[in-house]
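Heads up: the structure comes next, in structure tokens.
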Amino acid sequence: MTNLSIRDVRSEDAAELAHLLNAIIAQGGTTALETAFSAAQLDEVYLTGTDVLCCFVAANDNELVGFQTVVRESHLPDSCADIATFARVEGTQKGVGTQLFSATKKRAKELGLTEINACIRADNTGGLAFYSKQGFRDHSVDKAVPLNDGTPVDRINKRFSL
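If you number the sequence shown the way the working numbering does, the last residue is 199 and the count never jumps.
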């Protein structure tokens, strides 16, 4: 992807990133998230809030085309945090996730993490393939986690060792 730059997220990115994420949620099938975010909610939960260890954005010229966040989760050991990656649904975003993960790995090591966890819907074949390509390995399965409509969908937990 030409002119792609990776940088730390800023709170002022929240509105554009909420639009990006809400389009992914509305499309369905590729994220466990099912409820749209306001800019303030997204900023607190995934961008700059107290549980966010790091978050990077990918920009193509002046447009944000993706972001990757690493957050502390209470069910994970202190040496492990959860990752989420989102790329704009419009157009082709080839290479965005890989470039974001390069920055994320470096920062996660600096933060003293030894593992990164990715929890992916079992029906999200693209997400499963992406994390496998980055070197994540199957760790565990959360069976039949219900969607908002009650449909049970397994969640695959993959881990990356730093």
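Note that beta-carbon positions come from the ideal geometry of N, C-alpha and C, so glycine has one too.
In this text the structure is predicted, and so the values were computed from the model without any measurement.
The ligand ADP heavy atom lying under 7 angstroms from the CB of residue i
i	result
residue 58	With respect to the ligand ADP, the structure shown offers nothing to examine, as it has no ligands at all.
C-alpha gap between residue i and residue j, whole angstroms
i	j	result
residue 145	residue 191	27 angstroms
residue 106	residue 181	25 angstroms
residue 188	residue 171	29 angstroms
residue 83	residue 101	15 angstroms
residue 80	residue 199	26 angstroms
residue 108	residue 176	18 angstroms
residue 38	residue 45	Low confidence applies here, because residue 38 scores a pLDDT of 46, under 50, leaving its location unreliable; read the following figure in that light. One C-alpha to the other measures close to 19 angstroms.
residue 127	residue 50	18 angstroms
residue 40	residue 90	26 angstroms
Other residues of its chain near residue i: CB distance less than 8 angstroms, five sequence neighbours each side excluded
i	result
residue 103	57, 94, 95, 122, 123, 124, 125, 130, 133, 134 and 137
residue 63	73
Where residue i sits in the DSSP three-state scheme
i	result
residue 48	helix
residue 75	coil
residue 54	helix
residue 142	helix
residue 100	strand
residue 159	coil
residue 173	coil
residue 190	strand
residue 185	coil
Beta-carbon proximity list for residue i, same chain, < 6 angstroms, skipping 5 on both sides
i	result
residue 155	120, 168, 173 and 195
residue 59	73
residue 52	76
residue 140	43 and 93
residue 88	108 and 109
residue 179	192
residue 48	80 and 85
Close beta carbons around residue i, own chain, < 7 angstroms, minus the five adjacent residues each side
i	result
residue 184	71 and 190
residue 75	55
**Report entry** Three-pair Cβ contact test at 8 angstroms for the segment 151-166 versus the segment 54-67
**Finding:** Inter-segment contact for the segment 151-166 and the segment 54-67 is present: three or more beta-carbon pairs are separated by less than 8 angstroms.
Query raised in the report: Can you find at least 3 beta carbon pairs, one from the segment 86-104 and one from the segment 162-172, that sit closer than 8 angstroms?
Result: Touching, no, given that fewer than three Cβ pairs across the two stretches are closer than 8 angstroms.
Query - Contact between the segment 113-121 and the segment 147-155 (3+ Cβ pairs under 8 angstroms) - result: Yes, the segment 113-121 is in contact with the segment 147-155.
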